[in-house]
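Input: a single structure, listed below in structure tokens.
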Amino acid sequence: MLKNKCFEFLSCPIDGSDMVSLGKSVCCVNKHSFDVSKEGYINMLTSDKRFKQKIGDVKDMLLARSNFLQSGYYNFLSEEINKIAIRYLQNNNNKDGCILEVGCGTAFYLKRLKDNIDNDLKKEFCYFGTDISKEAIKISAKKYKDINFIVADTYFKIPIKNKTVKIILNIFSPRNPEEFSRLLDDKGIIITVIPNENHLNELIEKFGLVKVEQEKKKHLMDALDGQFDKIEDYNFTKKISLKSNSIIDLIKMGPSYKCLNDKKIINIKNMNKNLLEVTASFNILVFVSKSR
Ligand SMILES: C[S@@+](CC[C@H](N)C(=O)[O-])C[C@H]1O[C@@H](n2cnc3c(N)ncnc32)[C@H](O)[C@@H]1O
């Protein structure tokens, strides 16, 4: 259930007005109402967009992602994200605000960031995770009671008030520059993570998987260029050694999910009796608004 003090950050996805809690639902002054689920999340997709909640990641992908991330292989990435966020908050520790992950999936990075901020800065913020997949939000809301979860479409309206967000995490998920610009407070930052072109290349070659999009960074820069300046840019690469179960989870949680049939799974298990060394390679970019 949304914490009381976090209600002040919510806004109606239809008309942008303030929201109040009515217990099992939240409602705006113009009577647009959204149900609060028994797990405590709010589905704020408007009725004409509800079909979209089936567009995001499906349960099988989410469980694979959760397994894989909980095994710790990408902890190094989460630690780098946290360092950037904490450094930023230390230098801009002014007024209250919220921290948002769009397309949060199983909220692995958001939860680790929250725990890190709680421990190191002893400062309370409101944390929001949004995703278009109702299944993702349901799994996350069951697991992390100290974060507020909302089903919302990044390409439409993210139901949070203008200029209230200190940090937007945008990790391997879609982005919407107009919405990001509306949400960020004057000093706010976007921390974006994309895979580098050599990310998982051993797996891609060995099992014929979907390749990382060429020029991904250029497309990202082109998309954000009008409204944001890039202020930091880091590359991190690490070799990770994977057993076949983790390989299967890693394939299932990503864009090659659909090419993983039973035959391929048996193949992976047979081909891979030993550990397989795989390159994990990420680009973290930090952006601020040009109009700040
Ligand atoms: C590759 S996953 C990344 C999840 C999480 N950020 C992480 O790194 O663990 C991409 C996520 O974006 C979500 N997504 C896809 N399209 C979306 C949209 N239009 N609005 C919100 N979320 C979306 C998917 O459901 C999925 O959970």
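First residue of the sequence shown? That's 1269 in this note's numbering, and the numbers climb one at a time after it. Don't be surprised by glycine CBs; every beta carbon is placed ideally from N, CA and C.
The beta carbon of residue 1399 sits closer than 7 Å to at least one heavy atom of ligand 1. DSSP, read as helix, strand or coil, puts residue 1416 in strand.
DSSP places residue 1544 in the strand class (E or B) of the three-state scheme. Note on residue 1369: 16 or more other CB atoms within 10 angstroms of its CB, so buried under the neighbour-count rule.
Here residue 1453 carries a strand assignment [DSSP, helix/strand/coil]. Within the segment 1441 to 1528, complete alpha helix (DSSP H) segments of at least 4 residues are found at 1445 to 1451, 1469 to 1475, 1484 to 1492, 1512 to 1520, given in chain order. At a Cβ-Cβ threshold of 8 Å, residue 1286 and residue 1293 do not count as neighbours.
In the DSSP assignment, residue 1386 falls within the unbroken alpha helix (DSSP H) covering 1376 to 1389. Between the C-alpha atoms of residue 1355 and residue 1529 there is a straight-line separation of about 44 Å.
Per the C-alpha coordinates, the member of 1531, 1496, 1470 positioned closest to residue 1543 is 1470. Beta-bridge partners of residue 1346 (DSSP): none assigned. Taking C-beta atoms under 8 Å as the contact rule, residue 1439 and residue 1377 qualify, at a distance of about 5 Å. As the crow flies, the alpha-carbon of residue 1382 is around 20 Å from that of residue 1431. Counting other Cβ atoms within 10 Å of its Cβ, residue 1487 stays below 16 and is therefore classed as exposed. Of the heavy atoms belonging to ligand 1, none sits nearer than 7 Å to the Cβ of residue 1525. Within 7 Å of the C-beta of residue 1314 there is not a single heavy atom belonging to ligand 1.
Judged by beta-carbon spacing, residue 1520 lies beyond the 8 Å limit of residue 1475, meaning their Cβ atoms are not closer than that value. Counting every other CB atom within 10 Å of its CB across the protein chains shown gives residue 1558 a total below 16, marking it as exposed. Annotated three-state conformation of residue 1303 is strand, per DSSP. Not one heavy atom of ligand 1 falls within 7 Å of the beta-carbon of residue 1556. The bridge partners DSSP lists for residue 1395 are 1367. Assigned with DSSP and collapsed to three states, residue 1339 falls in coil, not helix or strand. In the three-state reduction of the DSSP assignment, residue 1530 falls in the helix class, which pools H, G and I. With a cutoff of 8 Å on beta-carbon distance, residue 1421 and residue 1345 are scored as not near each other. According to DSSP, residue pairing for residue 1433 in a beta bridge involves 1366, 1452.
With a cutoff of 7 Å, residue 1310 does not count as near ligand 1, since its C-beta is closer than that to no heavy atom of the ligand. Remark: the C-beta of residue 1323 is in contact range of ligand 1, defined as less than 7 Å to any heavy atom. The alpha-carbon separation between residue 1350 and residue 1295 amounts to approximately 34 Å.
Contact check for residue 1537 against residue 1512 passes: the beta carbons are separated by less than 8 Å.
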